[in-house]
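Colleague: The structure under discussion is supplied below as structure tokens; questions concerning it will follow.
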Amino acid sequence: MQPLTNRAKVLEVKPLSFMERLYLPAILKGMAITFRHMFQKKATVQYPEEKRPFSPTFRGLHVLNRDEEGRERCTACGLCAVACPAEAITMEAAERQKGEEHLYREEKYAAKYEINMLRCIFCGLCEEACPKDAIYLSETFAPANYTRKGFIYGKPDLLIPDPVNEPQAFAEAQGRIGERKAQAGPTS
Ligand code: SF4
Ligand code: SF4
17 MQPLTNRAKV
27 LEVKPLSFME
37 RLYLPAILKG
47 MAITFRHMFQ
57 KKATVQYPEE
67 KRPFSPTFRG
77 LHVLNRDEEG
87 RERCTACGLC
97 AVACPAEAIT
107 MEAAERQKGE
117 EHLYREEKYA
127 AKYEINMLRC
137 IFCGLCEEAC
147 PKDAIYLSET
157 FAPANYTRKG
167 FIYGKPDLLI
177 PDPVNEPQAF
187 AEAQGRIGER
197 KAQAGPTS
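Here our numbering is used: the first residue of the sequence shown is 17, the next is one more, and so on.
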């Protein structure tokens, strides 16, 4: 058969030497390597009990942010959805009613906000596009699920706990990225 390129190499099969035919030296050599590795630092971690620290630039699951008074920051402007290259974000806007000022920071809010985590590529463009500091990518990731529907994250899944009524849950959910953002102060 005509070769496609001239890069083919002819392999030469050498007969085994006496020592190679014994196999024992090769087995001992392999066991010595295994034994040596028993005393070296392990490259594997016992996940999920043990977790590796995330890189400072890690971008995980989204968090819908609240302000210091516990009000939702999102004003349903749609900029995050427009910026999203994966078209993973959908939302429905609603008008804030009288008496709801303690719930929503702006006059318009997201009555429905969904992110399809199967589409999301965790690029962080939604966070960059948001003018209200209302969304950021945290240091957790979407756990495995058996259904596709389980990867559609709605507002109850994304919204950070209320810092006024649930300060501990808020602090835990905030994570390191949130703390950094809080130290930097609100952007709007
Ligand atoms: S991280 Fe990127 S892909 Fe995921 S929702 Fe935000 S903009 Fe879309
Ligand atoms: S998260 Fe930010 S960019 Fe997205 S709709 Fe809300 S306010 Fe607008």
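No residue lacks a Cβ here, since even glycine has one placed at the ideal position from N, Cα and C. Predicted model, so just to flag it, every value in this text is computed and none were measured.
(1) With a CB to CB cut of under 8 Å and the five nearest residues on each side skipped, what residues in its chain are close to Phe51?
(2) Would DSSP call Arg37 helix, strand or coil?
(3) In three-state terms, what does DSSP make of Glu88?
(4) Would the C-beta of Pro159 count as close to ligand 1, meaning under 7 Å from any of its heavy atoms?
(5) Name the DSSP bridge partner or partners of Thr106?
(6) Comparing alpha-carbon positions, which option in Val29, Ala99, Lys58, Tyr129 lies nearest Glu143?
(7) CA-CA distance, Met54 and Met47?
(8) Suppose you measure from the CA of Glu116 to the CA of Ile151; what does that come to, to the nearest Å?
(9) Please report the straight-line C-alpha distance between Ala97 and Val61, rounded to a whole angstrom.
(10) Whose C-alpha, out of Met133, Pro147, Pro69, Tyr162, is nearest the C-alpha of Asp173?
(11) Take every Cβ of the stretch 119-139, pair it with every Cβ of the stretch 68-86, and state whether three or more of those distances are shorter than 8 Å.
(12) Consult DSSP for Ile43 and reduce its assignment to one of helix, strand or coil.
(13) Any idea what DSSP makes of Leu141, helix, strand or coil?
(14) Confirm, please, whether the CB-CB distance from Ile176 to Phe186 is below 8 Å.
(15) Is Arg135 closer than 8 Å to Glu123 when the C-beta atoms are compared?
(16) If I follow the unbroken beta strand (DSSP E) through Ile95, where does it start and stop?
(17) Which ranges would you report for the alpha helix (DSSP H) in the stretch 154-193 if only whole runs of at least 4 residues count?
(18) For Ser154, count neighbouring Cβ atoms within 10 angstroms of its own Cβ and tell me buried if that reaches 16, exposed if not.
(19) Give the single residue among Lys171, Leu141, Val26 whose Cα lies nearest to the Cα of Ala109.
(20) To the nearest angstrom, how far is it from the Cα of Tyr39 to the Cα of Val29?
Modeller: On the basis of the coordinates in this document:
(1) Around Phe51: no qualifying Cβ.
(2) Arg37 falls in the helix class under three-state DSSP.
(3) In this structure, Glu88 counts as strand in the three-state DSSP scheme.
(4) No.
(5) Under DSSP, the beta-bridge partners assigned to Thr106 are Glu130.
(6) For the residues Val29, Ala99, Lys58, Tyr129, the minimum Cα distance to Glu143 belongs to Ala99.
(7) As the crow flies, the alpha-carbon of Met54 is around 11 Å from that of Met47.
(8) So the alpha carbons of these two residues sit roughly 21 Å apart.
(9) Near 37 Å, if we compare the C-alpha coordinates of Val61 and Ala97.
(10) Of Met133, Pro147, Pro69, Tyr162, the residue nearest in Cα terms is Met133.
(11) Short answer: they touch.
(12) If DSSP states are grouped into helix, strand and coil, Ile43 belongs with the helices.
(13) Leu141: helix per DSSP, three-state reduction.
(14) It is a contact, given that the beta carbons lie within the stated cut-off.
(15) Not a contact, by the Cβ cut-off of 8 Å.
(16) One point to set straight first is that residue 95 is Leu, not Ile, in the sequence displayed. Note, Leu95: premise wrong, no beta strand (DSSP E); alpha helix (DSSP H) at 95-99.
(17) Restricting attention to alpha helix (DSSP H) runs no shorter than 4 residues, the stretch 154-193 encloses them at 171-174, ordered along the chain.
(18) The residue is buried, with at least 16 neighbouring Cβ atoms inside 10 Å.
(19) Nearest option by C-alpha distance: Lys171.
(20) Rounded to whole angstroms, the separation of the alpha carbons of Val29 and Tyr39 is 18 Å.
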